[in-house]
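Below: the structure, in structure tokens.
Protein chains: 2
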Amino acid sequence: MVAEPTAFAARGTTAEVEQGLVFQPLFNADGLIPAIVSDAQSGDVLMFAWMNPTALQLTLSTGLAHFWSRSRRRLWQKGEESGNVLRVSEIRTDCDQDAIWLKVVLAPAGAACHTGNRSCFYRVLTPADPAGGGVALKRA
Amino acid sequence: MVAEPTAFAARGTTAEVEQGLVFQPLFNADGLIPAIVSDAQSGDVLMFAWMNPTALQLTLSTGLAHFWSRSRRRLWQKGEESGNVLRVSEIRTDCDQDAIWLKVVLAPAGAACHTGNRSCFYRVLTPADPAGGGVALKRA
């Protein structure tokens, strides 16, 4: 992927990145930054996805979550087909500004997951088998 | 990084990965899986990090969060130096089993972030400048 021109500031020193008040996001070698999406009401993590600079800019300017699909290799607005749009209530970045956390509002009966589940994280790992066997999942 | 032998099951079909009850995690080309860490009490996202198979196995077997440090290129138990250990109360995976969500218990006055903040996500992005200027941050 070719890097696209963006309005985001260039990276500064470690002190500027960690303590500063200028957004200086770090996109990885593929031009992407990881985005954690949680439900603004319940606090549940709904999904995990990736953004390129354009997806992040569109999310900021429209208030609707946009991502970069690695499998389809294209920009997408979450819910553009399913109607399950994610309205952003807050966006945060972390200490080294290489991850994004979106708090979003999803309709009460909405599904953030393409499987129809409200959250993509609908299965819990069971305790590991001490003998080194596989790990089972159960519905959350 | 060379893939290490693990107790995790091999990937199955899409239906098995999405609907099955066998944990079949997908590690990326670097042998890592992204891990979202949230506070089991408040629901706040505390940090975002990466796990290799060994870190994930140790997290499952000890109940304490372990990660792979990409910068230091080594396994680490969170809090091994700072004392800010993260006790895992639940581990989930997502629909395509390529991300992990840990709900953890952190001491009331504990800091998950090396900067001393409880959460690494201590700054909020302000609305984008319509003229395309930079994006400012403010303390959460």
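From first to last, the protein sequence lines are chains A and B. In this text, residue positions in the first sequence follow this note's numbering: the first is 1, and each later residue adds one. In this text, residue positions in the second sequence follow this note's numbering: the first is 1001, and each later residue adds one. Ideal Cβ positions, reconstructed from N, Cα and C, are used throughout, including at glycine. From a predicted model like this one, the values you see are computed outputs, not experimental measurements.
Could you tell me whether any Cβ in chain B is nearer than 8 Å to the Cβ of residue i?
i	result
residue 135/A	yes
residue 138/A	yes
residue 69/A	no
residue 125/A	yes
residue 43/A	yes
Classify residue i as buried or exposed, calling it buried when 16 or more other Cβ atoms lie within 10 Å of its own Cβ.
i	result
residue 38/A	buried
residue 1138/B	exposed
residue 1019/B	exposed
residue 1109/B	exposed
residue 73/A	exposed
residue 1082/B	exposed
Look at the alpha carbon of residue i and the alpha carbon of residue j, and state the distance between them as a whole number of angstroms.
i	j	result
residue 1064/B	residue 1125/B	31 Å
residue 24/A	residue 1122/B	15 Å
residue 28/A	residue 1015/B	30 Å
residue 1040/B	residue 9/A	34 Å
residue 1059/B	residue 42/A	25 Å
residue 1099/B	residue 1050/B	9 Å
residue 7/A	residue 21/A	15 Å
residue 52/A	residue 1086/B	31 Å
residue 1116/B	residue 62/A	33 Å
residue 84/A	residue 1056/B	32 Å
residue 1140/B	residue 1013/B	42 Å
With DSSP as the reference, label residue i as helix, strand or coil.
i	result
residue 1108/B	coil
residue 1010/B	coil
residue 1015/B	helix
Under the DSSP definition of a beta bridge, which residues are partnered with residue i?
i	result
residue 93/A	100/A and 1123/B
residue 38/A	45/A and 103/A
residue 1066/B	1077/B
residue 1137/B	1125/B
residue 1118/B	Note: residue 1118/B sits in no beta bridge, so no partner.
residue 87/A	64/A and 105/A
So that I know if they touch, is there some Cβ in chain C lying closer than 8 Å to that of residue i?
i	result
residue 1026/B	Absent here is chain C; the protein component of the structure consists of chains A and B.
Comparing the C-beta of residue i with each C-beta of chain A, is any distance below 8 Å?
i	result
residue 1094/B	yes
residue 1082/B	no
residue 1086/B	no
residue 1072/B	no
residue 1091/B	yes
residue 1022/B	yes
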